[in-house]
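**Q** In this note's numbering, the protein residues as written are 9 to 142.
Note that CB positions come from ideal geometry on N, CA and C, so glycine has one too.
The structure under discussion is supplied below as structure tokens; questions concerning it will follow.
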């Protein structure tokens with residue numbers, strides 16, 4: 009049980025840092041603990057100091073943002089071609105030379121599961137295109 013204390017201390021420190029940054033960012037209102045109370049609330053004067061961060065009482069997670077620069081065959085709905093090249097307009101062959109998307113942004117939509125393997129495969133695929141074209 010002694011090794012749990014440093015973990016909770018680090019979690020509290022990291023969440024307080026995140027809340028401090030959030031004070032100047034839109035994420036502030038979204039940073040909540042499991043009980044749906046804000047971790048950082050200026051109106052209440054709470055900054056996470058008294059939050060119960062014990063195991064199973066405070067879950068911290070992040071969402072995987074995917075599909076913001078989707079890859080696909082249709083230039084009207086996909087900013088990137090299927091190989092990660094960024095398009096310049098509505099023509100399928102009009103791309104920005106040397107500009108590629110090789111991360112989760114190229115996914116056509118959210119995957120519903122941890123995207124680590126998919127993003128790694130996508131990055132490898134785009135890297136092969138970059139190597140072939142340079």
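In whole angstroms, what is the alpha-carbon distance linking residue 97 and residue 80?
**A** C-alpha separation (whole angstroms): 14 Å.
**Q** How is residue 114 classed by DSSP in three states: helix, strand or coil?
**A** Helix, per DSSP.
**Q** DSSP has residue 79 in a bridge; who is on the other side?
**A** In the DSSP output, where bridge partners are listed per residue, residue 79 has 88.
**Q** Do you know offhand how far residue 107's Cα is from residue 121's?
**A** Going from the Cα of residue 107 to the Cα of residue 121 covers about 28 Å.
**Q** Can you tell me where the alpha helix (DSSP H) with residue 119 in it begins and where it stops?
**A** No alpha helix (DSSP H) holds residue 119; DSSP gives it neither H nor E.
**Q** In terms of residues, what are the limits of the alpha helix (DSSP H) holding residue 95?
**A** Per DSSP, residue 95 belongs to no alpha helix (DSSP H); it is in the beta strand (DSSP E), 93-95.
**Q** Where does the unbroken alpha helix (DSSP H) through residue 130 begin, and where does it stop?
**A** Residue 130 -> alpha helix (DSSP H) spans 124-141.
**Q** Residue 23 by DSSP, collapsed to three states: which one?
**A** Three-state result, residue 23: helix.
**Q** Rounded to whole angstroms, how far is the Cβ of residue 117 from the Cβ of residue 75, which I believe are closer than 8 Å?
**A** Rounded, the Cβ-Cβ distance is 5 Å, consistent with contact.
**Q** Measuring straight from C-alpha to C-alpha, what distance separates residue 22 and residue 100?
**A** The alpha-carbon atoms of residue 22 and residue 100 are separated by roughly 45 Å.
**Q** Roughly how many angstroms separate the alpha carbons of residue 140 and residue 132, rounded to a whole number?
**A** Residue 140 and residue 132: Cα-Cα distance of roughly 12 Å.
**Q** Check whether the Cβ atoms of residue 119 and residue 92 lie closer than 9 Å to each other.
**A** Contact: no.
**Q** May I ask which residues mark the beginning and end of the beta strand (DSSP E) holding residue 74?
**A** Premise fails: residue 74 is in no beta strand (DSSP E) and is neither H nor E.
**Q** For the beta strand (DSSP E) that residue 103 lies in, which residues bound it at each end?
**A** Here the beta strand (DSSP E) through residue 103 covers 103-108.
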